[in-house]
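*Asks:*
Residue numbers (the numbering used here): 3 to 142.
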């Protein structure tokens, strides 16, 4: 697939309880959303196609169309010995694993039971219905 257009926008990702999960405004660096390259779900792209510079748009997507459903196969049970001895392994800590081609895959520790560590490699927002608040800065 080829990119048909790109939007540069500030974006807030809001959870069902009204809290903000992420915001590009905090960093001052807008996100670039490419339409047509296969990185966004069709439902997400459908919300973007008619937007123009200066537009503000808010929409809610179910988990499957946002960050995907939580995949039970992405939850791994690992022995404590697989982690550095000095690493603090507590629920909620994000750990990084080597992925294909030198990439990094983040995982969230979900449970610590003795020497058994449960690590969730799903996206932190997988399985969640979220609202996107966009402020289009530029159309490329």
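In this text, a Cβ means the ideal position worked out from N, Cα and C, and glycines have one as well.
Within 10 angstroms of the Cβ of residue 121, are there 16 or more other Cβ atoms? Answer buried if so, exposed if not.
*Replies:* By 1-based counting over the chain shown, the position of residue 121 is 119. Classification of residue 121: buried, given that the 10 Å Cβ count is 16 or more.
*Asks:* I need the DSSP call for residue 28, collapsed to helix, strand or coil.
*Replies:* To locate residue 28, count along the chain shown from 1; it is residue 26. Here residue 28 sits in helix by DSSP.
*Asks:* With a CB to CB cut of under 7 Å and the five nearest residues on each side skipped, what residues in its chain are close to residue 33?
*Replies:* As a working mapping, residue 33 is identified with position 31 in the chain shown. So the qualifying residues of the chain are 11, 13 and 26.
*Asks:* Provide the residue(s) that pair with residue 120 in DSSP beta bridges, ordered along the chain.
*Replies:* Position 118 of the chain shown holds residue 120. In the DSSP output, where bridge partners are listed per residue, residue 120 has 79 and 113.
*Asks:* How many Å lie between residue 95 and residue 85 at the Cα?
*Replies:* Position 93 of the chain shown, counting from 1, holds the residue named residue 95. Position 83 of the chain shown, counting from 1, holds the residue named residue 85. So the alpha carbons of these two residues sit roughly 13 Å apart.
*Asks:* Taking Cβ to Cβ, would you say residue 133 is nearer than 8 Å to residue 61?
*Replies:* Here residue 133 is taken as the residue at index 131 of the chain shown, counted from 1. Here residue 61 is taken as the residue at index 59 of the chain shown, counted from 1. Contact: yes.
*Asks:* Using C-beta distances below 8 Å, list every residue in its chain close to residue 73, excluding the 5 sequence neighbours before and after it, in chain order.
*Replies:* Translated into positions along the chain shown, residue 73 becomes position 71. Closer than 8 Å at Cβ, skipping near neighbours: 124 and 128.
*Asks:* Once DSSP output is grouped into helix, strand and coil, what is the label at residue 137?
*Replies:* The count along the chain shown starts at 1 and reaches residue 137 at position 135. The answer is strand: DSSP assigns residue 137 an E or B state.
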